[in-house]
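Residue 16 is where the sequence shown starts when you use our numbering, and the numbers rise one by one after that.
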Amino acid sequence: MDSDAARSGHAFLTTLQWLSPSFPIGAFAYSHGLEWAIAEERVTDAASLEAWLIDLFSHGSAKTDAILLARAAQGQDPAVLDDWARSLAASYERRIEALDQGRAFSRILRDAWHHAPTPDYTLPVALGHAAHLEGLALESVTAAYLHAFAANLTSVALRLVPLGQTDGQRVQRALAPFVLSLAKSAQSAPDEELSSAAFLSDIASMAHATLEPRIFKT
Numbered sequence: 016m017d018s019d020a021a022r023s024g025h026a027f028l029t030t031l032q033w034l035s036p037s038f039p040i041g042a043f044a045y046s047h048g049l050e051w052a053i054a055e056e057r058v059t060d061a062a063s064l065e066a067w068l069i070d071l072f073s074h075g076s077a078k079t080d081a082i083l084l085a086r087a088a089q090g091q092d093p094a095v096l097d098d099w100a101r102s103l104a105a106s107y108e109r110r111i112e113a114l115d116q117g118r119a120f121s122r123i124l125r126d127a128w129h130h131a132p133t134p135d136y137t138l139p140v141a142l143g144h145a146a147h148l149e150g151l152a153l154e155s156v157t158a159a160y161l162h163a164f165a166a167n168l169t170s171v172a173l174r175l176v177p178l179g180q181t182d183g184q185r186v187q188r189a190l191a192p193f194v195l196s197l198a199k200s201a202q203s204a205p206d207e208e209l210s211s212a213a214f215l216s217d218i219a220s221m222a223h224a225t226l227e228p229r230i231f232k233t
């Protein structure tokens, strides 16, 4: 194997490792407000879950996360991008979700990859900054993040709706074009795209704080 192929293969495996469900950042503990949406019967089946996730990709937090991740991976100032990320968090729980996972991610990168310590960045910024340091492929790492984002929320629905495993796979397959399109467009998105209009998802993230009983942190 030549050196370029070896580097490409190493970057590919690193991307898979960082965005694997087994990477210990505690993603399984967060529902991004989806638990409230299910409790309120806003999401009741595969079709409504798919519509909920498409809204996040088209107008909401998945879109803004992808843009911030891409900018960090391009080498833009992570502190400035993190200010953007925090300001875009629609609720206290949404902010904690992003910060807790970002902090855990950076800790693992420091201990296992020997990255220098960083401030507490939100997850998309921490991931993008680390991808820049490791020279990972921008579009690939953004797509992997979005796939993991959708997979985690699909897992929430599998447990709470509940959905069958096959329905869950159908939803993720249906989201593939949105993942790939957003991973590409995020690379050159203007500042005007750093906004969210997924209002029900934002409300869900606020209302979840008083949901009883609940399983997830957010």
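Glycine residues also receive a C-beta, built at the ideal position from the N, C-alpha and C atoms.
- prompt: By the 10 Å Cβ neighbour count, where 16 or more other Cβ atoms means buried, how is D217 classified, buried or exposed?
  reply: buried
query: What's the call for G48, buried or exposed, on a 16-neighbour Cβ count within 10 Å?
result: buried
query: If you follow the alpha helix (DSSP H) that F214 is part of, which residue opens it and which one closes it?
result: DSSP places F214 inside the alpha helix (DSSP H), whose first and last residues are F214 to A222.
query: Can you tell me whether DSSP reads R57 as helix, strand or coil?
result: coil
field: DSSP-derived helix/strand/coil call for Y107
entry: helix
message: Can you tell me whether G150 is helix, strand or coil according to DSSP?
response: coil
message: With a threshold of 7 Å on Cβ separation, who are the neighbours of Y136 within its own chain once the five nearest residues in sequence on each side are excluded?
response: Cβ-Cβ distances below 7 Å link Y136 to P93, D97, G117, S121 and H144 in the same chain, with the five nearest sequence neighbours on each side left out; the list follows chain order.
task: Answer with buried or exposed for H25, where buried requires no fewer than 16 other C-beta atoms within 10 angstroms of its C-beta.
output: Label assigned to H25: exposed.
- request: Label V58 either buried or exposed according to how many other C-beta atoms from any shown protein chain fall within 10 Å of its C-beta, with 16 as the threshold for buried.
  value: buried
- request: Within the same chain, show all residues whose beta-carbon is closer than 7 Å to that of R110, passing over the 5 residues directly before and after it, in chain order.
  value: For R110, where only same-chain residues beyond five positions count, the Cβ hits under 7 Å are R101 and A104.
field: Validate contact between the segment 207-227 and the segment 75-86 using beta carbons, cut 8 Å, 3 pairs
entry: Segment contact: the segment 207-227 against the segment 75-86, three or more CB-CB distances shorter than 8 Å; contact assigned.
field: Separation of L197 from F72, as counted between CA atoms
entry: Their Cα atoms are separated by approximately 7 Å.
query: Do you know how far the Cα of S23 is from the Cα of R229?
result: 43 Å
- prompt: Is L64 closer than 8 Å to L226 when the C-beta atoms are compared?
  reply: no
query: Apart from the five residues just before and just after A152, which ones in its own chain have a Cβ nearer than 7 Å to its Cβ?
result: A26, listed in sequence order.
- prompt: What separation, rounded to the nearest whole angstrom, lies between the Cα atoms of A204 and S37?
  reply: Spanning the two alpha carbons is a distance of roughly 31 Å.
field: Beta-carbon separation (whole angstroms), W67 vs A52, contact threshold 8 Å
entry: 6 Å
- prompt: Nearest CA to the CA of A141: which residue from S220, V171 and R86?
  reply: R86
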